[in-house]
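A short worksheet on the structure shown next.
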Ligand SMILES: [Zn+2]
C-alpha cells in the first residue's frame, strides 16, 4: 500500500504534468471508483483549470480555479498514470480525465478497488474530506512536541498509534516497521510507557526513513505502486526489516522475525528491539 513517500512521489509527478491545464472531460468506468461521500458530480470539473496538487498523509487532491478539489486515496493498489491518449486502456482503468490541450491524459487505475476519487469543496486548510486527517511528518507545520504529548496519552501499542491517521498521518505498515527498528523500539510497547526522548527520536527516525525513500521514488514492495510515468521506486532494496523475515539484522546479525499485528504482520529484530517492560498486549508468533 502506498504510504507518505509514495503518495508524495505521485503528487509531485501530477503537479508537473497537469498544473495549469484545463479539464475537458471526465469519465468514470467503475462505481467503486467514486467515494459515496463525494459532494458533487464529476462533470462539475469540466472546464476547470488545475491550479495545484496537494497532499496530506495518504490523501491527494487536485485543486481547481473554482475552489473544487478532486480528492483521491490510492488505497491498496490505486495508480495515477499520465498516458498518451492513443495508448490502449488498462484492464483496471477506473477513471479518465482529459485536458483541452496536449496529447496525454490522466488515468486512474485500481486493481483491487480500495482506492477512490471524490469531489470536495475547500476547507480552511485542506479539502473538507481530508480535514479529519492529522498533519504528516513532511508538513512544515508538523509539531513534534504536540504529537509526542498526544502519543503519551495512548495506552495501546506504539505501532498501532503510529498508524493512527488522527495522531499523525502518512505512516503505514512498511515505514512503521522501519522507523521502530531504527529507533530500537518493539512494536508492542505500550505507547504511554515510552519516554518523550524515545518518542521524539522515533518521529525523527520516521522522517529520516521516509525522506530517504522519497529520494529514490518510494517503495514498490508489491509492484502495484508506480509513479505517474509507470516507474517503480527503489527503496525496497534498502528496507531493514519489512519483508526480511529470517534474514540477518543489519545492526546485530540476529534473524529478523515476523509477528502478528491486527490482520497483518510486524517485522522486527528480537535483539535490537527488546521485548518491552510494559507491553500493550497481543500474542507473539515467531516465524509464523
Ligand atoms: Zn538487531
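Numbering (my numbering), first residue to last: 68 to 355. Yeah, the Cβ is synthetic: ideal placement off N, Cα and C, and Gly gets one too.
Near ligand 1: residue 249 beta-carbon under 8 Å from a heavy atom = no
Short Cβ contact (9 Å threshold) for residue 111 with residue 81 = no
Considering only residues of the same chain and omitting the five flanking positions on each side of residue 354, which have a CB-CB separation below 8 Å?
-> Low confidence applies here, because residue 354 scores a pLDDT of 36, under 50, leaving its location unreliable; read the following figure in that light. Excluding positions up to five away in sequence, the list reads 312, 313, 324, 325.
Run of the beta strand (DSSP E) containing residue 139, from where it starts to where it stops | 135-140
For residue 101, the nearest candidate out of 246, 138, 129, 91 (CA to CA) = 138
Would you report the Cα separation of residue 282 and residue 122, rounded to the nearest angstrom?
-> 17 Å
Closer than 8 Å: is that where the CB of residue 320 sits relative to any heavy atom of ligand 1?
-> yes
Under the three-state DSSP convention, the category residue 271 falls into | helix
Could you say which of 293, 307, 330 lies nearest to residue 175 if we only look at CA atoms?
-> 293
Residue 90 - containing beta strand (DSSP E), residue span = 90-95
Local Cβ density within 10 Å of residue 352, reported as buried at 16 or more and exposed below that | For residue 352, the predicted model reports a pLDDT of 40, less than 50, meaning its position is unreliable and no value from the coordinates is stated.
Closer than 8 Å: is that where the CB of residue 221 sits relative to any heavy atom of ligand 1?
-> no
If we ignore side chains and look at the alpha-carbon of each, how far apart do residue 350 and residue 203 end up?
-> Residue placement at residue 350 cannot be trusted, given a pLDDT of 44 that sits under 50; what the coordinates show is reported in the next sentence. When rounded, the distance between both Cα atoms is 30 Å.
Enumerate in chain order the residues of its own chain whose CB-to-CB distance from residue 340 is below 8 Å, with the five nearest sequence positions on each side excluded.
-> 247, 248, 251, 252, 253, 254
Residue 88 versus residue 162: straight-line alpha-carbon distance, rounded | 18 Å
Is the shortest distance between the beta-carbon of residue 115 and the beta-carbons of chain D less than 9 Å?
-> In the displayed structure, chain D is absent; only one protein chain is listed.
Identity of the residue in 76, 222, 347 nearest residue 141 by Cα | 76
Closest Cα partner of residue 117 within the set 167, 105, 106, 288 = 167
State the Cα-Cα distance for the pair residue 114 and residue 126, rounded to the nearest angstrom.
-> 24 Å
Would you mind reading off the limits of the beta strand (DSSP E) that contains residue 164?
-> 160-166
Could you tell me whether any non-hydrogen atom of ligand 1 is closer than 8 Å to the CB of residue 338?
-> yes
Secondary structure, beta strand (DSSP E): runs of 3+ residues fully inside the region 156-213 = 160-166, 171-177, 183-188
What residue from 165, 239, 144 has the CA that sits closest to residue 151's CA?
-> 165
What is the DSSP secondary structure of residue 82, reduced to helix, strand or coil?
-> helix
State the beta-bridge partners of residue 314 as determined by DSSP.
-> Answer is none; residue 314 lacks a bridge partner.
For the candidate residues 275, 189, 158, whose alpha-carbon lies nearest to that of residue 306?
-> 275
Using alpha carbons as the reference points, say which of 72, 78, 129 lies closest to residue 295.
-> 78
When you compare only the Cα positions, how much space is there between residue 182 and residue 71?
-> 15 Å
Per-residue burial, residue 107 [other beta carbons within 10 Å of its own, 16 or more giving buried] | exposed
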